[in-house]
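Worksheet for the structure shown next.
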Amino acid sequence: MDTFAGYPYSFAGFIDYSNCYHPVAIPWLLVGIGVSIGTVVSVIPQLQKFVQKRSNYGMNTLTICLISYGQIINFVNYFCLHSADFVGIVTCPFTMYAPRLVTFLNLFLLWYMYLGNVYLNFIYFDKQPRENRTMNFIRIERKFQLMLTFILFITNFATLAAFSILGFLHGYASSSLRYYGTVLGTAGGVLAACQYLPQMITTCRVKGPGSLSMLLLAIQVPGGLLNVSFMAFANHDHWATWLPIFVAAIQQGILLAICIIFTIRNKHQHHPFSEDPLLTDSSTINHTH
Numbered sequence: 000m001d002t003f004a005g006y007p008y009s010f011a012g013f014i015d016y017s018n019c020y021h022p023v024a025i026p027w028l029l030v031g032i033g034v035s036i037g038t039v040v041s042v043i044p045q046l047q048k049f050v051q052k053r054s055n056y057g058m059n060t061l062t063i064c065l066i067s068y069g070q071i072i073n074f075v076n077y078f079c080l081h082s083a084d085f086v087g088i089v090t091c092p093f094t095m096y097a098p099r100l101v102t103f104l105n106l107f108l109l110w111y112m113y114l115g116n117v118y119l120n121f122i123y124f125d126k127q128p129r130e131n132r133t134m135n136f137i138r139i140e141r142k143f144q145l146m147l148t149f150i151l152f153i154t155n156f157a158t159l160a161a162f163s164i165l166g167f168l169h170g171y172a173s174s175s176l177r178y179y180g181t182v183l184g185t186a187g188g189v190l191a192a193c194q195y196l197p198q199m200i201t202t203c204r205v206k207g208p209g210s211l212s213m214l215l216l217a218i219q220v221p222g223g224l225l226n227v228s229f230m231a232f233a234n235h236d237h238w239a240t241w242l243p244i245f246v247a248a249i250q251q252g253i254l255l256a257i258c259i260i261f262t263i264r265n266k267h268q269h270h271p272f273s274e275d276p277l278l279t280d281s282s283t284i285n286h287t288h
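Residue numbering for the sequence shown follows numbering that gives the first Met the number 0, starting at 0 and increasing by one per position.
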């Protein structure tokens, strides 16, 4: 039996899917459950900051869309490579397949919870002119945001549609779907390597985190590394599943360091961004006019 696919087809009656699962120690399982809880908790500060500031100033829409798409292809990747695991749920005890469900829950929550950032980034688009944002720049940025958000939902639908069509035509345990899953995982790794670069550029341009929550980054960096450790060493998941998460965690760590440097620098120099980059800057513009 293949570890990731089980038996592709069989007309012999009941099938033993127990070999699809690996024994996982209780401490590792607790780590996986902790990552699930941390995933939910980590996104809340960013959602709260959007609502509190009522602005997406300092947020890069391209990064938000790339992150969201990278999460859904990682989610679909898991379905492609572990189809037999979900079939085996009805034939094996809960203690045997629980680690797989934890990994599935982690990937699902990461994608589902982050969708809130996509919507709030769109709703709270910052229209306030600033020293580094002219009205012409704001109009271009808004059109760019609309285009990226539309493309995101189209690509999400296309990714799910391709999964459904391949599964319907060739079977959900076929080599075609496993190949599709590997391609998605590889693409996710490439996206993860560059998805935070636009946000780093924006953070450097505004000289501060803006509406970006540093608490989210501070939670997700160690959480992502723990999630990778759980999937790679405890669950023995395919590299195409955990690689994008590992690369994203490294990128988040770099972005967090940039935010910390600017925050300390602004406070030391009494920069106007150090207190409230949204209210202070807008009030400065209004005062000059």
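Even for Gly, the Cβ is constructed at its ideal location relative to N, Cα and C.
Hey, how far is the Cα of residue i from the Cα of residue j?
{"i": "Thr185", "j": "Gln268", "result": "43 Å"}
{"i": "Asn73", "j": "Ser173", "result": "19 Å"}
{"i": "Gln45", "j": "Leu28", "result": "27 Å"}
{"i": "Ala160", "j": "Gly166", "result": "10 Å"}
{"i": "Ala24", "j": "Phe229", "result": "11 Å"}
{"i": "Ala157", "j": "Leu183", "result": "12 Å"}
{"i": "Asp125", "j": "Ile66", "result": "20 Å"}
{"i": "Gly37", "j": "Leu242", "result": "19 Å"}
{"i": "His235", "j": "His21", "result": "7 Å"}
{"i": "Val227", "j": "Ile32", "result": "13 Å"}
{"i": "Tyr96", "j": "Lys206", "result": "47 Å"}
{"i": "Ser17", "j": "Ile137", "result": "56 Å"}
{"i": "Val39", "j": "Gly180", "result": "25 Å"}
{"i": "Ile263", "j": "Met112", "result": "30 Å"}
{"i": "Ala231", "j": "Ile244", "result": "11 Å"}
{"i": "Leu176", "j": "Phe261", "result": "45 Å"}
{"i": "Arg141", "j": "Ile153", "result": "19 Å"}
{"i": "Ile218", "j": "Gln251", "result": "10 Å"}
{"i": "His237", "j": "Leu80", "result": "8 Å"}
{"i": "Ile14", "j": "Gly187", "result": "33 Å"}
What would DSSP say about residue i, mapped onto helix, strand or coil?
{"i": "Arg53", "result": "coil"}
{"i": "Leu278", "result": "Low local confidence applies: a pLDDT of 44 at Leu278 is under 50, so the model's placement there is unreliable, with the coordinate-based value given in what follows. Helix, per DSSP."}
Roughly how far, in whole angstroms, is the beta-carbon of residue i from the beta-carbon of residue j, given that I think they are within contact range, below 8 Å?
{"i": "Gly223", "j": "Ala248", "result": "3 Å"}
{"i": "Leu225", "j": "Val42", "result": "So it is not a contact: roughly 16 Å between Cβ atoms."}
{"i": "Leu147", "j": "Leu254", "result": "The pair is not a contact, with the Cβ atoms about 19 Å apart (cut-off 8 Å)."}
{"i": "Leu216", "j": "Tyr68", "result": "Actually they are not in contact, since the Cβ atoms of Leu216 and Tyr68 sit about 19 Å apart, beyond 8 Å."}
Could you tell me the boundaries of the alpha helix (DSSP H) in which residue i lies?
{"i": "His267", "result": "238-268"}
{"i": "Ile200", "result": "196-205"}
{"i": "Arg177", "result": "174-193"}
{"i": "Met134", "result": "134-169"}
{"i": "Gln70", "result": "60-80"}
{"i": "Gly222", "result": "213-228"}
{"i": "Trp99", "result": "For the record, residue 99 in the displayed sequence is Arg; it is not Trp. Residues 93-122."}
Give me, in chain order, the residues of the same chain whose beta-carbon lies closer than 8 Å to that of residue i; leave out the 5 immediate sequence neighbours on both sides.
{"i": "Met340", "result": "Within the shown structure, residues of the chain are numbered from 0 to 288, placing residue 340 beyond reach of any answer."}
Determine, for residue i, whether the minimum Cβ-Cβ distance to residues of chain D falls below 8 Å.
{"i": "Thr90", "result": "Among the chains of the structure shown, chain D does not appear; only one protein chain is present."}
Looking only at its own chain, which residues have a Cβ that is under 6 Å from the Cβ of residue i, when we skip the five neighbours before and after it?
{"i": "Tyr171", "result": "Ser82"}
{"i": "Tyr123", "result": "Phe49, Arg53, Ser54, Asn55"}
{"i": "Asp84", "result": "Cys19, Arg99"}
{"i": "Met213", "result": "Cys258"}
{"i": "Gly115", "result": "Leu46"}
{"i": "Ala233", "result": "Val23, Trp27"}
{"i": "Ala192", "result": "Val246"}
{"i": "Gly87", "result": "Tyr16, Cys19"}
{"i": "Ile71", "result": "Trp110, Asn155"}
Return the chain-ordered list of same chain residues with a C-beta closer than 7 Å to the C-beta of residue i, the five sequence neighbours on each side being excluded.
{"i": "Ser35", "result": "Val101, Leu104, Asn105, Leu108"}
{"i": "Phe78", "result": "Phe162"}
{"i": "Met134", "result": "Pro128"}
{"i": "Ile63", "result": "Asn116, Val117, Asn120"}
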